[in-house]
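To start, the structure under review is shown below, and the notes come after it.
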Amino acid sequence: MAHHSHNHGHHHHGHHHSAVDGMSHTEANAHFFDKMAEKALSESWLKVERRMTSELRDRLVWIGIEWANKDVEASKDVRLLDYACGTGMMTRTFAPHITSATGVDVSPAMIKAFNTCIPDSGLPYHRVSAVVGDIISDPPSSSVTGPDFQDFDLIAIGFAYHHFEHQDVSVRKLSERLKPGGVFLITDFAGEQKGHVPEEAAATMKVTGFEEEDVKSVFAKEGLVDFGLEVLKENVVFEMDGVTIDRKVFIAKGRKPDRPVASI
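Position 8 (the sequence shown) corresponds to 8 in full-length UniProt numbering; numbering is contiguous.
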């Protein structure tokens, strides 16, 4: 989710939007990312996205799903759910290797930005869609029910895992949407952010990054297997509120087990 390249060049009207103001965590996120959508395509963050695209594409074998062949119309279906999709970094990254992508985000402005960027993905329009919705709420939004939101080969979350209120619930609700053998993939920040975190951003985060054990234990608790986590050799560097942020980044994966074979 291209949501770190913003700057707060506007007034806060004397208060911060957080759950305390009667806004739920999801509403605070939607509000925050609506305002950031216009900044999401800043050069500073796009550079991070390009770097992540190449890191992820270098790991197609490691990710471990059977990718689509070049002829999309003749390929077996390989379906991506780009969750908390922002402007669609994961969709653009995996577009050459999948047959369809579905973006879901709580922020209407991000979905609008995602739709604007569809031509950049290289996938035909009828194979990419995005909706405003929340899969991890209880109950999930009505916009994300039905067969189009089930049985994904890959669910990918780019830099949004640290914005989820409860990581375990998020992994559980999302992995229910994977087909057996499907892969749950995240990229996010390793370790806590040093220095000042702007308050409005802080209101949307319980943590600013993760240790490997945190991620591994949540994936295991929620029944994902074949865990893998790689920390990128070089940090990502981007601008936020005029401050240079320099963060270690990881890519982690877990697989939903195949259906158990019925015993005879």
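Heads up, the beta-carbon is just placed ideally off N, CA and C, and yes, glycines get one too. Bear in mind that the values here come from a model prediction, so they are computed numbers and not experimental data.
Under a 10 Å Cβ-count criterion, E199 is classified as exposed, with fewer than 16 other Cβ atoms of the shown protein chains found around its own Cβ. Taken through DSSP and simplified to helix, strand or coil, M89 comes out as helix. One Cα belongs to K206, the other to D168, and the distance between them is close to 13 Å. Closest in alpha carbon position to V48, among A68, W67, M90, is M90. Taking a contact as a CB-CB distance under 8 Å, the pair I155 and L81 counts as one, their CB atoms being some 5 Å apart.
In this structure, the straight-line span from the alpha carbon of V131 to that of F210 is close to 28 Å. Taking every protein chain shown into account, the CB of V231 has fewer than 16 other CB atoms within 10 angstroms, so this residue is exposed. Look at V106 here: in three-state DSSP terms it is coil, with no helix or strand label.
The Cβ neighbour count for R92, taken over all protein chains shown within 10 Å, is at least 16; the residue is labelled buried. For D134, DSSP records no beta bridge to any residue. Ranked by Cα distance from F94, the options P139, R127, S137 are led by R127.
Cβ contact annotation for V197 (same chain, cutoff 7 Å, sequence separation greater than five): T208, in chain order. Taking the CA atoms as reference points, T244 sits about 6 Å from F238.
Here DSSP, grouped into helix, strand and coil, assigns D58 to coil. With a cutoff of 8 Å on beta-carbon distance, G133 and S121 are scored as not near each other.
In the same chain as F227, and ignoring 5 residues on each side of it, the C-beta atoms closer than 6 Å to its own belong to K216, F219, G254, in chain order.
Taking the Cβ atoms as the reference, R51 lies roughly 6 Å from V236, within the contact range of under 8 Å. If you look at A220, you'll find it in the alpha helix (DSSP H) that goes 212-221.
The DSSP-derived three-state label of A252 is strand. By alpha-carbon distance to S137, the top candidate from G88, R172, E66 is R172. With distances taken between CA atoms, A113 lies nearest to C85 out of C85, A101, G182, P140.
With fewer than 16 other CB atoms across the displayed protein chains lying within 10 angstroms of its CB, G195 is exposed.
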